[in-house]
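Asker:
In our numbering, the protein residues as written are 228 to 366.
Written out as structure tokens, the structure reads:
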């Protein structure tokens, strides 16, 4: 199933960075479920192996932790007023959410909450950029 999903996502025009995040999430899920990893990102996945094993996380739980970490990173990027990185990270999160929704590997309510957060942040950024003083502030 994964190759077909990745092919579909690529047809949407994912950036290389988006694809790297999706691949990482895929490999992390597989590792948490099977204890095995062998993809290009095995080293990164193994960096999280202790967390997965100590907390006895299944694939869905491990992926949730990483997605929430991405959201936390987004908060830090906004605090640093790095709009370019924030938009890139929002795109990465949206790509991961779409992958998880298509593969049904994570509960839909969790994905809905992340999608809702992204929508709200987008509205706030748009509102700030629509005002001249907001645009000056963000840039």
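All C-beta atoms in this analysis are idealised placements derived from N, C-alpha and C, irrespective of residue type, glycine included.
Within this structure, are the beta carbons of residue 284 and residue 317 separated by less than 8 Å?
Answerer: Taking 8 Å as the Cβ cut-off, residue 284 and residue 317 do not qualify as a contacting pair.
Asker: Flag residue 348 as yes when its Cβ comes closer than 7 Å to any non-hydrogen atom of the ligand FMN, and as no otherwise.
Answerer: The ligand content of the structure shown is nil, which means the ligand FMN is not present either.
Asker: Can you tell me the Cα-Cα spacing of residue 264 and residue 358, whole angstroms?
Answerer: Each residue's alpha carbon lies about 48 Å from the other.
Asker: Between the C-alpha atoms of residue 337 and residue 324, what's the straight-line distance to the nearest angstrom?
Answerer: Answer to the nearest angstrom: the Cα atoms are 10 Å apart.
Asker: When the Cα atoms are used, what is the spatial distance from residue 237 to residue 355?
Answerer: Cα to Cα, residue 237 sits roughly 31 Å from residue 355.
Asker: Below 8 Å CB to CB, which residues in the same chain sit around residue 241 once its five sequence neighbours on both sides are set aside?
Answerer: Closer than 8 Å at the Cβ level, and outside the excluded window around residue 241, lie 249 and 322.
Asker: Assign residue 319 to buried or exposed, taking buried as 16 or more other Cβ atoms, counted over all protein chains shown, within 10 Å of its Cβ.
Answerer: The residue in question, residue 319, is buried, as its Cβ has 16 or more Cβ neighbours within 10 Å.
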